[in-house]
Amino acid sequence: MESIKTYKSNLDTLFNPKSVAVIGATENVKKWFGFNITKNVLDSTIQKKFLVNKSGKKVFGLDTYKNIRDVSDPVDTAIIVTPSPGVPEVMEDCAEKNIKTVVIITAGFKEIGEDGEGLEKETIGIAKANGIRFVGPNCTGISNTHSNLNLTPWPLPRKGYVGFVSQSGNLGGYIINRGRREGLGFSKFTSGGNEADLNFVDYLEYLGEDPNTKVITAYVEGLKEKEGHRFIGVAKEVAKKKPIIVLKVGRTGSGSKAAKSHTGSLAGSDSVYDAAFKQAGVLRVEKIEDLLDVAAAFTSQPIPRGKNVGVLTSGGGFGVVIADACEKLRLSLPPLSPRTIEEINDILPSRWPHANPVDMVGEAVGLKIYQIIEALFRADEIDGITTAGGIGYSNSAAELEEIGRLIERMKEHKKPFLPSVVYGKEVVKVIRKKGLSTYDTPERAVEVLSYLVKYGEYLRRSL
């Protein structure tokens, strides 16, 4: 049985190889996966790169090897993009070359039925007999932005601190690219594919120890048989150190059936997954935008000490919408203390409602909004703040300076600040440059805040 030390060493090698071989390297654009992966490997800063093509012809003007066994140098990781019937033989070649980590991009295994399942079992047998750990098959590869490693057909993700594991290669690529557009940076990406060897729980455990990963996200269709108890144990320990955000699909009968036909995953009872996630401190989200928005919040926002929300709006309607959203998500709108009311009295006309939500009663123009937000930061009765309207009205140089200063105050007071309905493009730019998000609707801001609160509650229960 593989020791923990060897297991971790293999995953370290997988994500930080000094030498990589592309088996099935090609410059033929019609072979989309092989073409793009070959280009990405050549564009990377990996110390040694070897191209293997059975024809022996040059690829992108570079010499190739007909077989991986012909490479005289040691190879840390091989990535296989050859047709599925030949993969077991390629794995035998990798074993003879003493390669210990492999990424199998190729599809046509368990996910297509009995014939493919036989190929997958044969591949597993060769790997186990020779101490090889592998990703896939039927995947889109892995990347590590902190070492400029890109063994996928996509562009390298934006560098950051979010680890992402996906049981769908193409959906994973879409999420990575959408994250890039929205300014979200990733540390490591893994497309697990059929997970014939390494699986979601393995990647979760590894990312839990990874110093470059502060937040873990995942798209999950199902866990492998007999992995449930291990998942709960691993997730519990990891969640004490960093948040785990999971988009678990297959809630419906149709979704569950689609998951099984896609990667052969066991979708299982949705209520069982819900219970397991709750027990382990995993935050389950419902939509792709949830996964991205919640991950972004965890990279930049403090964890709230409780569920008391301070609300500031430019109009009463916003306050009603936020109050409904807070109650639905079990967040509290506490009454303001006499001290906080006194501070706001010095800022707003006496007609303001002296309540939470704080309605600015037509006084949102200028910088008063920032003075009120600071008062809410100082308020002991408030754990987190959201706003709707008001911010960005003037879009002036003074306001740009004020918003930057306010974000520093947020860090000082260790209270999350989630602004919605922000006006003024320059103000939005400053907020995003400081690493925070803005939200198009008040409900969206409250929903994201609720995940920060849930995680804070889990951490306090785990003490």
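In short: position in the sequence shown from 1, add 44, done, that's our numbering. Just so it is clear, CB atoms sit at the ideal spot from N, CA and C, and this is done for glycine as well.
If you draw a straight line from the Cα of E166 to the Cα of L95, it comes to about 25 angstroms. Scanning the stretch 217 to 280 from its first residue to its last, the whole beta strand (DSSP E) runs of 3-plus residues come out as 230 to 235, 259 to 264. Every unbroken stretch of the beta strand (DSSP E) spanning 3 or more residues and falling wholly within the stretch 388 to 472 is given here in chain order: 428 to 432, 461 to 464. The beta carbon of Y499 lies closer than 7 angstroms to those of P287, L327, I347 in the same chain, with the five residues before and after it left out. In its chain, beyond the 5 residues on either side, G252 have a beta carbon closer than 7 angstroms to the beta carbon of K285. The bridge partners DSSP lists for I124 are I67, I148. Within the same chain, and ignoring the five residues on either side of V245 in sequence, the residues whose Cβ sits closer than 6 angstroms to its Cβ are E271, R274, F275, V278. Taking G175 as reference, the option from K141, D484, R383 with the minimal CA-CA separation is K141. The criterion of a C-beta distance shorter than 8 angstroms is satisfied by L380 and N400. Contact between V206 and D337 is absent: CB atoms are separated by about 12 angstroms, not below the 8 angstroms threshold. A Cβ-Cβ contact shorter than 8 angstroms links P61 with D120. The residue from K203, I67, S116 with its alpha-carbon nearest to that of S191 is K203. Where R177 is concerned, the enclosing beta strand (DSSP E) starts and stops at 177 to 179. Taken atom to atom, the span from the alpha-carbon of G363 to that of E456 is near 26 angstroms. Relative to the Cα of A283, the nearest Cα in the group Y317, K74, Q323, G406 belongs to Q323.
Contact between the stretch 457 to 470 and the stretch 380 to 389 is absent: fewer than three C-beta pairs spanning the two stretches fall below 8 angstroms. Out of R225, S376, L193, D241, the CA that lies nearest to the CA of N182 is found in D241. In the DSSP secondary-structure assignment, R505 is not bridged to any residue. Residue state for S481 is assigned as coil, using DSSP reduced to three classes. As DSSP reads the structure, F208 sits in a beta bridge with F233, T261. Nearest in C-alpha terms to A171, of all of G157, N188, T184, I148, is I148. Taking 8 angstroms as the cut-off, the Cβ atoms of G294 and N238 do not count as close. Beta-carbon to beta-carbon, V125 and G78 are separated by about 4 angstroms, close enough to satisfy the 8 angstroms threshold. Rounded to the nearest angstrom, the gap between the Cα atoms of I186 and I388 is 52 angstroms. Contact between L58 and T150 fails: their C-beta atoms lie close to 17 angstroms from each other, not under 8 angstroms. Buried is the label assigned to A369, since at least 16 other Cβ atoms lie within 10 Å of its Cβ.
R476 sits in a helix when the DSSP states are folded into three classes. DSSP places S381 in the coil class of the three-state scheme, outside both helix and strand. Take K478, set aside five residues on each side of it, and the residues of its chain with a beta-carbon closer than 7 angstroms to its own are G448, I451, in chain order. In the DSSP assignment, F94 is bridged to A65.
Excluding its 5 nearest sequence neighbours in each direction, K93 has C-beta neighbours in its own chain below 7 angstroms: V64, V85, L86, listed in chain order. Assignment of T357 by DSSP, reduced to helix, strand and coil, places it in the strand class.
Listed in chain order, the non-local C-beta contacts of V497 below 6 angstroms within the same chain comprise P348, K351, local neighbours out to five positions each way being set aside. Look at I81 here: in three-state DSSP terms it is helix.
No Cβ-Cβ contact shorter than 8 angstroms links V103 with N111. DSSP, reduced to helix, strand and coil, places G130 within a helical segment of the structure shown.
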